[in-house]
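In the order they appear, the protein sequences are chains A and B.
For what it's worth, my numbering labels the leading residue of the first sequence as 4, then goes sequentially.
For what it's worth, my numbering labels the leading residue of the second sequence as 997, then goes sequentially.
Let me begin by presenting the structure, written as structure tokens, before commenting on it.
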Amino acid sequence: MLEQIYYFSLFLNFLSVIVFFVFALKKNKEVFKVGTFLIGVGTFLLAFFLTLNGIRLGYHPAANTFFTFNFLAMLIYILYFVFEFKFKVKLLSVFILPVGFFFNVVAAFQSKLTPEMVKSISPVFLGIHTGFLLLGEAMFLISFGASIMYLIQNRNLKKKSFGGWYSRLPALDDLEFIAGVGILGGFPMLTAGLLVGFYWAANLWNNSLWYFDPKIIWSFIVWVLYGYIFYCKITERLKGKRFINLVIIGFFLVIASFFITVFFPSIHSLTKDFGVK
Amino acid sequence: MPVCIVGLNFKTAPVEVREKLSFSMDDIENEAPLLLSKPYIDETVILSTCNRSEIYFYSEHPDKAKVVVEQYLSERAGIKQEELADYLYNFVEFEAIEHLFRVASGLESMVLGEPQIAGQVKDAFEKAIEIGTAKRVFVNLYRHTLQTVKIVRNETEISKNAVSVPFAAVELVKKIFGKLKNKRALLVGAGEMCELAALHLKENGVEAIDVVNRTYEKAETLAKRYGGNPYPFDKLYEAIENVDIVLSSTGAKEPVIKAEKIKPLMKKRGYKSLIIIDIAVPRDVEVEVGDISDIYLFDIDDLEKVVEANKKKREKEAIVAGEIIKDRVYEYLKWCKLQDLNPIIASLRKQAEEIRRAELEKSLKKLKDYPDEVKKELDRLSYSIVNKMLHQPITEFKKAAREDNLEGKMIHFFKSLFHID
Chain A
4 MLEQIYYFSL FLNFLSVIVF FVFALKKNKE VFKVGTFLIG VGTFLLAFFL TLNGIRLGYH
64 PAANTFFTFN FLAMLIYILY FVFEFKFKVK LLSVFILPVG FFFNVVAAFQ SKLTPEMVKS
124 ISPVFLGIHT GFLLLGEAMF LISFGASIMY LIQNRNLKKK SFGGWYSRLP ALDDLEFIAG
184 VGILGGFPML TAGLLVGFYW AANLWNNSLW YFDPKIIWSF IVWVLYGYIF YCKITERLKG
244 KRFINLVIIG FFLVIASFFI TVFFPSIHSL TKDFGVK
Chain B
997 MPVCIVGLNF KTAPVEVREK LSFSMDDIEN EAPLLLSKPY IDETVILSTC NRSEIYFYSE
1057 HPDKAKVVVE QYLSERAGIK QEELADYLYN FVEFEAIEHL FRVASGLESM VLGEPQIAGQ
1117 VKDAFEKAIE IGTAKRVFVN LYRHTLQTVK IVRNETEISK NAVSVPFAAV ELVKKIFGKL
1177 KNKRALLVGA GEMCELAALH LKENGVEAID VVNRTYEKAE TLAKRYGGNP YPFDKLYEAI
1237 ENVDIVLSST GAKEPVIKAE KIKPLMKKRG YKSLIIIDIA VPRDVEVEVG DISDIYLFDI
1297 DDLEKVVEAN KKKREKEAIV AGEIIKDRVY EYLKWCKLQD LNPIIASLRK QAEEIRRAEL
1357 EKSLKKLKDY PDEVKKELDR LSYSIVNKML HQPITEFKKA AREDNLEGKM IHFFKSLFHI
1417 D
């Protein structure tokens, strides 16, 4: 039964992504409403599925790739709703939701088994660590989506193409503002998530060289870059396209961090030999 | 009884004819009651703008009334009736109401979707209501017209995008800055179009407009008007450093704003976006300026391009608006039919009540000695029977009207069924 709920939600989310693309082409308000309804129900079912699993397992389910990616997808969908409600930028759906759905669908092909080791370690730490990080990353995705829209609109204005999406995309400054909100909200989350992770790792593996893990080093690079973007935003040091470019680079690093464990052995590889020796 | 129009507009008549049939508000005040006093015309509204003159009238005999109005217009213009007929159009009932809704929504305007016409329609109807030439029918039609205009504006983008060069400039600026509050503009030179754009910017919330001019006195006068600072021409780049928007139209033969000088300026500005709108021909701004990051340069052709794109968008929206208007006309006519039923239903109820009262009195006389409770009960009983009997036919009658199934014959039948005049 649980599994059916999951696949049904996945199907609804898939449909909504298609519907939002149709909306992008046809700019019909009714189509947008249909898409919103679909993704609304889909998100609700996904959240329901994850909650039930959390209750069944007795801990935050983000302990394997399947749950982690789905949890991230859910956060992205929810954040999309928050931002759409706040800023009323309908086209944001086209730039945000497909990425959410990407994680949603990649998750479906992952093993649903949870490694034995993870079960034995602190579920509270795991929940806080992954929760903060994923929420931060979802915020960065919003920034990324707004930034892509910024680049398209900037190109329209520079190349003087006033047809098509020119009139539907919002003003550059408004898009930059949304990107800024994503950074301002996301960076503290990222920091909190990493700090919790460091504290937890230091306690768990006190004498080992856990910090030489590729994912941790990569995360540190990501943190430094976003720290710089955050600093630039607060001090208004970087504006316009320069700021937007950094946001986009930052997000590619985030995406890479998800898949880095595929190429390098890491304590974050959720396989049998989990954990450092 | 239908609503009708006789009129002419910029599509059907040249200005020589239109000017002879234009009505000022004073003319309307004098002539509308005169028109109303003529035979077959029960209500009238005169709409006159520089692009159209239209007589809206309500008549039981549209054909005869049409002739009366045409005669009147021919006399007023001093043009023979046969000759004038070539310039006139005439619509009745559905088409007339559709025409009114289209006119008020700007669909029949020279500049598609322009919003001023709605105000002119409003003035015309309000004048007619004030002087009493518009009565029940036109007062209601007026209400429906205003609603339609509102719906068309909300549901389509017919009046949304700029279709003139100065407005296009403002639209572009808004596409970059969003809100114009706390933004500062600079006027370089003083072309007419530039000043118009400056005015629109100010109306849209730009904080102040500085002015650079070769004649410093002129700069001072203009700067005072827009609440900004004047600059002499050699301080041009200093002036640019402090603003977000530059509007340029000087008579210079060579570019006055050069890329090599602007580039270092951008660093000083902290790479804050700068919009430069160059309306001058020959152009005031070097083309290379547009290649600098965070500078958005638009020349007169770009603005025309925006206008063209927006006109096309309006044409598309006009089709949607036309459909909305058709629906609104159907709704209005349905509403009218329901209104026509009200007096019939009212007299039916009145007649039933009279019969009931008469019969009740007869009975009460006979039942004099019975206690009051019995009399009261008798009253309630008769009332309840009459109402329950009438409920179904009235409901069905109204339903038929709502569903548009009610023909004149049926109304007649209904009346004779209950013996109503």
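Backbone N, C-alpha and C fix where the C-beta goes; we use that ideal spot for every residue, glycine too.
This structure is a prediction, so every number in the text was calculated from the model and none was measured.
C-alpha gap between residue i and residue j, whole angstroms
i: S1245/B; j: K1156/B; result: 27 Å
i: G253/A; j: V1145/B; result: 48 Å
i: R1352/B; j: S1378/B; result: 7 Å
i: N1306/B; j: I1416/B; result: 57 Å
i: E87/A; j: T46/A; result: 15 Å
i: L55/A; j: W1331/B; result: 54 Å
i: V1088/B; j: K162/A; result: 50 Å
i: D1059/B; j: Y1085/B; result: 13 Å
i: S1044/B; j: V1135/B; result: 18 Å
i: G1102/B; j: K1309/B; result: 14 Å
i: N1200/B; j: K1231/B; result: 27 Å
i: P1228/B; j: I1253/B; result: 15 Å
i: F1294/B; j: I151/A; result: 23 Å
i: N1005/B; j: F1090/B; result: 19 Å
i: R1398/B; j: V1302/B; result: 45 Å
i: A174/A; j: L1270/B; result: 14 Å
i: F261/A; j: R171/A; result: 33 Å
i: I1315/B; j: E1327/B; result: 19 Å
Counted within 10 angstroms of its Cβ, other Cβ atoms place residue i as buried (16 or more) or exposed
i: M1385/B; result: exposed
i: Q156/A; result: buried
i: P1339/B; result: exposed
i: D1240/B; result: buried
i: Y1222/B; result: buried
i: L100/A; result: buried
i: R240/A; result: exposed
i: D1336/B; result: exposed
i: A259/A; result: exposed
i: V227/A; result: exposed
i: K242/A; result: buried
i: R59/A; result: exposed
i: D1323/B; result: exposed
i: M1021/B; result: exposed
i: K1358/B; result: exposed
Sub-8 Å separation of residue i and residue j beta-carbons
i: V1166/B; j: A1124/B; result: no
i: F190/A; j: Y229/A; result: yes
i: I1037/B; j: A1061/B; result: yes
i: I1320/B; j: E1213/B; result: no
i: T1129/B; j: L1032/B; result: yes
i: F112/A; j: A76/A; result: no
i: I131/A; j: Y80/A; result: no
i: L1218/B; j: A1186/B; result: yes
i: R1072/B; j: G1003/B; result: no
i: G185/A; j: M142/A; result: yes
i: F1053/B; j: E1066/B; result: no
i: E1203/B; j: N1178/B; result: yes
i: F1414/B; j: L1344/B; result: yes
i: Q1108/B; j: E1311/B; result: Correcting the residue identity first, residue 1108/B is Leu in this sequence and not Gln. Yes.
For residue j and residue i, believed in contact at Cβ under 8 Å, the rounded distance
i: V34/A; j: V25/A; result: 5 Å
i: V1184/B; j: V1242/B; result: 6 Å
i: V250/A; j: I232/A; result: 6 Å
i: L1069/B; j: L1017/B; result: 6 Å
i: K236/A; j: L187/A; result: 6 Å
i: G1174/B; j: D216/A; result: With a Cβ gap of about 44 Å, G1174/B and D216/A do not count as contacting.
i: A320/A; j: A205/A; result: Chain A is shown from 4 up to 280; residue 320/A falls before or after that span and cannot be answered.
i: P1035/B; j: V1064/B; result: 6 Å
i: L137/A; j: F74/A; result: 6 Å
i: I1296/B; j: I1258/B; result: The Cβ separation is near 20 Å, so there is no contact.
i: V97/A; j: A27/A; result: 5 Å
Cβ-heavy atom distance, residue i to the ligand MN, below 7 Å
i: M1406/B; result: You won't find the ligand MN in this model; it holds no ligand whatsoever.
Opposing strand residues paired with residue i [DSSP bridges]
i: E1050/B; result: G1003/B, L1043/B
i: S1244/B; result: V1184/B, D1274/B
i: N1086/B; result: V1002/B
i: L1293/B; result: I1272/B
i: N1150/B; result: DSSP output for N1150/B lists no bridge partner at all.
i: P1228/B; result: N1209/B
i: A1204/B; result: R1180/B
i: V1064/B; result: Answer is none; V1064/B lacks a bridge partner.
Short CB-CB distance (under 8 Å) between residue i and chain E
i: F215/A; result: The structure shown has no chain E; the protein chains it does contain are A and B.
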